[in-house]
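Participant: Residue numbers (our numbering): 82 to 423.
Don't be surprised by glycine CBs; every beta carbon is placed ideally from N, CA and C.
#1: Of all the options 218, 121, 141, which has the alpha carbon lying nearest to the alpha carbon of residue 427?
#2: Have a look at 309, 269, 141 and flag the residue whose alpha-carbon is nearest the alpha-carbon of residue 192.
#3: Rounded to a whole number of angstroms, what is the C-alpha to C-alpha distance between residue 336 and residue 326?
#4: By the 10 Å Cβ neighbour count, where 16 or more other Cβ atoms means buried, how is residue 419 classified, buried or exposed?
#5: Taking only the alpha-carbon atoms, compute the straight-line gap between residue 341 and residue 366 and give it to the nearest angstrom.
#6: In whole angstroms, give me the CA-to-CA distance for residue 265 and residue 276.
#7: By a C-beta neighbour count over all protein chains shown, 10 Å radius and 16 as the cutoff for buried, is residue 305 buried or exposed?
#8: Leaving aside the five residues before and after residue 237 along the sequence, list all residues of the same chain whose C-beta is less than 6 Å from its C-beta, in chain order.
#9: Kindly list the residues whose CB is nearer than 6 Å to the CB of residue 94, restricted to its own chain and excluding five residues on each side of it in sequence; keep chain order.
#10: Excluding sequence positions up to five away, which residues of its chain have a Cβ less than 7 Å from the Cβ of residue 332?
#11: Locate the alpha helix (DSSP H) running through residue 206, then write down its first and last residues.
#12: Buried or exposed: residue 108, going by 16 or more other Cβ atoms within 10 Å of its Cβ?
#13: Mapping DSSP to helix, strand and coil, what is residue 338?
#14: Give the single residue among 283, 295, 286, 248 whose Cα lies nearest to the Cα of residue 271.
#15: Buried or exposed for residue 124, please, with buried defined as at least 16 other CB atoms from any protein chain shown within 10 angstroms of its CB.
#16: For residue 248, which of helix, strand or coil comes out of DSSP?
#17: Which residues in the same chain have their Cβ closer than 6 Å to the Cβ of residue 362, if we skip the five residues on either side of it in sequence?
#18: Going by the beta-carbon positions, is the gap between residue 197 and residue 128 smaller than 8 Å?
#19: Rounded C-beta distance between residue 202 and residue 231? I'm assuming under 8 Å.
#20: How about residue 253 and residue 262: are their beta carbons less than 8 Å apart?
#21: Quick check: the Cα distance between residue 313 and residue 323, rounded to an integer number of angstroms?
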């Protein structure tokens, strides 16, 4: 310890006489941190300056020195926490140290960790993750999915291949959504159930029977729409069948039924308007059907019939006005105009 203190003091004195404004301030402040045994703070300070001034050898030397002292302190802490059975601290201290060494390497500074740290970490990790794994299993058994998800995600970050953590994490994430879908399905909210199951399907197509569940939900909504259509409840039929069509345009004959639900009431109104002489209104009704469905029934022919109904010829007489138009004709033009009547 005495030799270490002498080394730090000597280095501090050398630092005070180094040149460069920014570098000099960094070295002075870093030396103060080191004198106080705050090697991590000193290292972080040196690291930031080293990234900005990569050609400054004195900063790089200081970073290597303080960084090495920091990981030596970390090695002592890791050994102590392991010996007292504090495996969580051992694991996270090791991860922190490893991340620090990798970060400092970005500044071309190579630090040498104590090999014992890795042995402590491996043993501590096995103990700690086993504890967390069992806690996660308990949460799953009690259907505390949020707690289980947090637990298995922690394990996954430390060791993604620990036992069957991946499967448990997937189950903790998707199972509450899957169950929400089942509840909504039981309440007759088929498209809400479909949305829940689809959110799972989009991430994992093979989770449970989620693909079959989606089809079941669409089929139930399709049947609702079909019944509405049979009962000529076109508005509700269009809503139900439209939802199914939006989710899966190729589902059974939903496209055909959805087209009928949208256009049949408009087609019928067109016929009613035509039969009462409201030719213009009838024309617009049939035109909407043709634009939406193309060849729906005889909508195109009825549209032409309505157009013909709305047309008849008239003559327009233009009277000459003013004394300067003496040669004006009595009738300037006779033409056939379209008078669309209601």
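Facilitator: The short version:
#1: There is no way to answer for residue 427, as the model of the chain reaches only from 82 to 423.
#2: Here the closest residue by C-alpha is 141.
#3: Roughly 6 Å separates the two Cα atoms.
#4: With a pLDDT of only 35 at residue 419, under 50, the local geometry of the prediction cannot be trusted, and the value read off the model is given with reservation. Residue burial annotation: residue 419 is exposed, with fewer than 16 other C-beta atoms found within 10 angstroms of its C-beta.
#5: The alpha-carbon atoms of residue 341 and residue 366 are separated by roughly 15 Å.
#6: Going by C-alpha positions, residue 265 is about 10 Å away from residue 276.
#7: Buried, since its Cβ has 16 or more Cβ neighbours within 10 Å.
#8: The residues are 246, 250.
#9: Low confidence applies here, because residue 94 scores a pLDDT of 47, under 50, leaving its location unreliable; read the following figure in that light. Excluding positions up to five away in sequence, the list is empty.
#10: Closer than 7 Å at the Cβ level, and outside the excluded window around residue 332, lie 299, 303, 325.
#11: Looking at the DSSP string, the run of the alpha helix (DSSP H) that includes residue 206 is 196-222.
#12: Residue 108 should be labelled buried.
#13: Here residue 338 sits in helix by DSSP.
#14: The shortest C-alpha separation from residue 271 is found at 295.
#15: Counting Cβ neighbours within 10 Å, residue 124 comes out buried, since at least 16 surround it.
#16: Here residue 248 sits in helix by DSSP.
#17: Contacts found: 354.
#18: The answer is no: Cβ separation not under 8 Å.
#19: Wrong, their Cβ atoms sit about 22 Å apart, outside the cutoff.
#20: No, the Cβ-Cβ distance between residue 253 and residue 262 is not below 8 Å.
#21: If I take the Cα positions, the gap works out to 16 Å.
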